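All residue numbers for the sequence shown refer to the UniProt record's numbering, where the first residue is 1 and numbers rise by one.
From the three backbone atoms N, C-alpha and C, an ideal C-beta is built for every residue, glycine too.
Source: prediction; values computed, not measured.
Data block below; observations after.
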Amino acid sequence: IRILDLLPGSGADPIVAELRPMSLDNLEAYEALSYTWGTPDNAVGIELNGYRLEAGPNLFAAMTRFRNPTKTRTLWIDALCINQSSIEERTQQVRLMTLIYSKAAKVLVWLG
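Here it is in structure tokens:
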């Protein structure tokens, strides 16, 4: 699977994150984010692995709220950790979602 490191920031600082692979056989501590996707209207830019990416407003709000001001927060977020343009990968990862959520140290819930 891919895991996301949400880099420190606060307030109006840009959202900056990095994706990296992690083996299900050797998981390090991470938190899973569950949130409502909402509509893609009013997408907001974030930086992921040095590239600009458009995130929905609910995801942007959740990342802004849950990021730590002084240290990196390790998260699994379906919209970013799964290649949404690959039907094959989405299908495979959806089968793993129960395992991914159950192995998380904590599940964060964002209702908007």
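It is roughly 21 Å from the alpha-carbon of Ser10 to the alpha-carbon of Ile3.
Shown here, Ala61 sits in a helix according to DSSP, grouped into three states. Nearest to Phe66 by alpha-carbon distance, out of Met22, Ser34, Glu47 and Ile1, is Ser34.
If you draw a straight line from the Cα of Leu7 to the Cα of Met63, it comes to about 10 Å. For Ala43, DSSP records no beta bridge to any residue. Looking at the DSSP output, Glu89 sits in no beta bridge, so it has no partner there. Within 10 angstroms of the beta-carbon of Tyr30 lie 16 or more other beta-carbons, which makes it buried. DSSP places Arg2 within a strand segment (E or B) once states are collapsed to three.
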